[in-house]
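Numbering (the numbering used here), first residue to last: -7 to 212.
For every residue, glycine included, the Cβ atom is placed at its ideal position computed from N, Cα and C.
Just below is one structure, and these are the notes that go with it.
What follows is the structure, given as structure tokens:
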């Protein structure tokens, strides 16, 4: 069902974009360039399809996390406040990392357009490049390799920040578990049954929170 949904989204989006391209002014299309249009119809559409695919799972994980928070509230509203404070800190810090990663991936997107333009130059001007050695070497060294290196660097930096975001979210969550296990019993009088309820809830909360931290970059 989800595969059908994502592929239908790809189909409809590509048809809609194709109609908009055909309805746009020629001067605007020439300003954008064929490489950017091609990248939009291929990789950008696929990125949207990937986001559509994970949204239902993300909604399920968020519902599970909210259910766990309600149970924590029923056990102790003080622990709930602590969890909310940690979640706010985690969300704020993760958003900073995601915003920086998105900027780097936006730069890599521009580099990709330039890279596609270079590929188009290779296919369209293959005869001229093969006949002129110096021009070919200049094109390979100063344009193609430089653009490909920038694309790689921006991609590596952006994706590294996304991976760091997921790891940072897990670290804060494990800090919350450690706080409940080793610090909270010394601050409040908590019986063994309530403490086991906290441990069970946090353990159950690990999977949806892990999925949320991993899937958020896909829809950002």
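- If you draw a straight line from the Cα of residue 199 to the Cα of residue 93, it is about 24 Å long.
- With fewer than 16 other Cβ atoms from the protein chains shown falling within 10 Å of its own Cβ, residue 148 counts as exposed.
- The beta strand (DSSP E) runs lying completely inside the stretch 16 to 45 and spanning 3 residues or more number zero.
- Note on residue 28: 16 or more other CB atoms within 10 angstroms of its CB, so buried under the neighbour-count rule.
- Fewer than three pairs of CB atoms, one per stretch, sit closer than 8 Å, so the stretch 128 to 137 makes no contact with the stretch 159 to 170.
- Contact check between the stretch 186 to 201 and the stretch 57 to 67: three or more CB pairs, one atom from each, fall below 8 Å, which counts as touching.
- Residue 171 and residue 80 have their C-alpha atoms some 16 Å from each other.
- Shown here, residue 68 sits in coil according to DSSP, grouped into three states, outside any helix or strand.
- Inclusion of residue 75 and residue 181 in the CB contact set at 9 Å is not warranted, their separation being larger than that value.
- In its own chain, leaving out the 5 sequence neighbours on each side, no residue places its CB closer than 8 Å to the CB of residue 17.
- Shown here, residue 124 sits in coil according to DSSP, grouped into three states, outside any helix or strand.
- Counting along the chain, residue 117 sits inside no alpha helix (DSSP H), nor does DSSP assign it H or E at all.
- Residue 182 carries a coil assignment under DSSP once its states are collapsed to helix, strand and coil.
- In this structure the stretch 29 to 46 touches the stretch 97 to 110; the number of beta carbon pairs closer than 8 Å is three or more.
- The residue among 139, 90, 85, 95 with its C-alpha nearest the C-alpha of residue 111 is 139.
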